[in-house]
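**Q** Residues in the sequence shown are numbered consecutively from 1, following the UniProt record's numbering.
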Amino acid sequence: MRKIVVGYDGSAYSRAALLWARDEAVRTGAPVEVLHADEWPATAPPMVPLPLLRPDRTVTDVIDETLDRAVATVRKTHPAVEVTTRAVRGHAATALIDRSRDARLIVLGGHGHSVVAGLLGSVISAVSAHAACPVVVVRGVPEPDAPVVAGADGSALTLPVLTFAAEQATARKVPLRVIRAVPDQDTPDAPLAVVRGRFRGLTIQAEDTLEHPAAALARASAAAQLLVVGSRGGGAVTGLLLGSISQHMLRHSACTVAVVHRDPHA
1 MRKIVVGYDG SAYSRAALLW ARDEAVRTGA PVEVLHADEW PATAPPMVPL
51 PLLRPDRTVT DVIDETLDRA VATVRKTHPA VEVTTRAVRG HAATALIDRS
101 RDARLIVLGG HGHSVVAGLL GSVISAVSAH AACPVVVVRG VPEPDAPVVA
151 GADGSALTLP VLTFAAEQAT ARKVPLRVIR AVPDQDTPDA PLAVVRGRFR
201 GLTIQAEDTL EHPAAALARA SAAAQLLVVG SRGGGAVTGL LLGSISQHML
251 RHSACTVAVV HRDPHA
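#1: Would you report the Cα separation of PRO134 and ALA218, rounded to the nearest angstrom?
#2: For GLY109 versus ALA254, is the C-beta spacing smaller than 7 angstroms?
#3: If we call anything under 7 angstroms between Cβ atoms a contact, is ALA156 one with VAL178?
#4: On the DSSP bridge list, what partners appear for GLY109?
#5: With DSSP as the reference, label ARG101 as helix, strand or coil.
#6: With a threshold of 6 angstroms on Cβ separation, who are the neighbours of ALA132 within its own chain once the five nearest residues in sequence on each side are excluded?
#7: Which whole runs of the alpha helix (DSSP H) in the segment 141-199 are 4 residues long or more, in chain order?
#8: Assuming ALA165 contacts VAL148 (C-beta within less than 8 angstroms), just tell me the rounded distance between them.
#9: Sorry if obvious, but does the Cβ on VAL229 come closer than 6 angstroms to a heavy atom of the ligand ATP?
#10: On the three-state DSSP scale, how would you describe HIS252?
#11: Are the Cβ atoms of VAL59 and ALA258 separated by less than 7 angstroms?
#12: ASP23 lies in the alpha helix (DSSP H); which residues open and close that run?
#13: What separation, rounded to the nearest whole angstrom, lies between the Cα atoms of ASP189 and ASP64?
#14: Give me whichever residues DSSP pairs with ILE204 in a beta bridge.
#15: Kindly say whether ALA224, judged by its beta-carbon, lies nearer than 7 angstroms to any beta-carbon of chain D.
#16: Starting from ALA37, trace the beta strand (DSSP E) both ways and give me its first and last residue.
#17: Assign VAL237 to one of three DSSP states: helix, strand, or coil.
#18: Quick one: residues in its chain with C-beta nearer than 8 angstroms to the C-beta of THR85, no 5 flanking neighbours on either side, listed in chain order?
#19: Which term fits VAL62, buried or exposed, when burial requires 16 or more other beta carbons within 10 angstroms of its beta carbon?
#20: Under DSSP, the beta strand (DSSP E) around VAL228 begins and ends at which residues?
#21: Pull up the distance between the alpha-carbon of ALA206 and that of ARG180, whole angstroms please.
#22: Classify ALA126 as helix, strand or coil using the three-state DSSP reduction.
#23: Just the C-alpha distance for ALA93 and ASP9, rounded to the nearest angstrom, thanks.
#24: Are there 16 or more other CB atoms within 10 angstroms of the CB of HIS248, so buried, or fewer, so exposed?
#25: Would you check if the distance between the CB atom of THR256 and the CB atom of VAL138 is smaller than 7 angstroms?
#26: Run through the DSSP bridge pairs and tell me what ALA84 is partnered with.
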């Protein structure tokens, strides 16, 4: 089974991502990989000899200790979860995008200034736009009975987005709320019908909105535990969900956001 890969640096934001990944591993049985990206010398001050600033052995020890603590955090409460670590040298976004080719999910903390749980517009923005698997950006403290919310626009990614959202809602035993942007009332919603057929025991509430989808989704996120949107990569978002909707939701959602790029089972 493909791994859930967590971008981790020991910050509070990456620890929240780790706990989310741990819980997802419990729900799915997937193994967890805790990844630390060492960006030196990209983050070194200019005009300073690198060997004077970086004692490699000490840095390696610190990284190892950070990753060991992450593993201990998971095993303390959930010893059955399979968890491994990986430390790489290079840019965090590049490392995470590369790992996404073989991953089930990439999970990141929603804020922070570090090289992994970085500022929006850098690592999170790049990974969420270019990853080959769904990317989850963890934020907020959800109510356990809050619904999963999905944005649908009738594009080719609607079915993968709704499928991912339905799987998450089913695993959590909560309803799925679907926000449909600028619907064509004369066209049957085929993706929604497919998902209703696949997940017959799941309560699915669909509603149409004529307002800007970013506003509708942001408002819905306030009462959700997970918001699922689609992106075709390259920073653009499919169809009627406009060019910046996923990045907007990563900045303004009140809950955790999942960005789906394609069928997660393809």
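Beta carbons: idealized from backbone N, C-alpha and C, even for Gly.
**A** On the basis of the data shown:
#1: 20 angstroms
#2: no
#3: no
#4: VAL138
#5: coil
#6: SER100 and ARG101
#7: 158-172 and 190-198
#8: 5 angstroms
#9: Absent from the structure shown: the ligand ATP. Ligands present: none.
#10: helix
#11: no
#12: 12-28
#13: 50 angstroms
#14: LEU176
#15: The structure shown has no chain D; it contains just one protein chain.
#16: 32-38
#17: The predicted position of VAL237 is uncertain, since its pLDDT is 39 and thus under 50; a value taken from the coordinates is nonetheless stated next. It is coil, neither helix nor strand.
#18: GLU33, VAL34, LEU35, HIS36, LEU67, ASP68, ALA70 and VAL71
#19: exposed
#20: 226-230
#21: 7 angstroms
#22: helix
#23: 13 angstroms
#24: buried
#25: yes
#26: Checking the sequence shown, residue 84 turns out to be Thr, not Ala. The partner list for THR84 (beta bridge, DSSP) reads GLU33.
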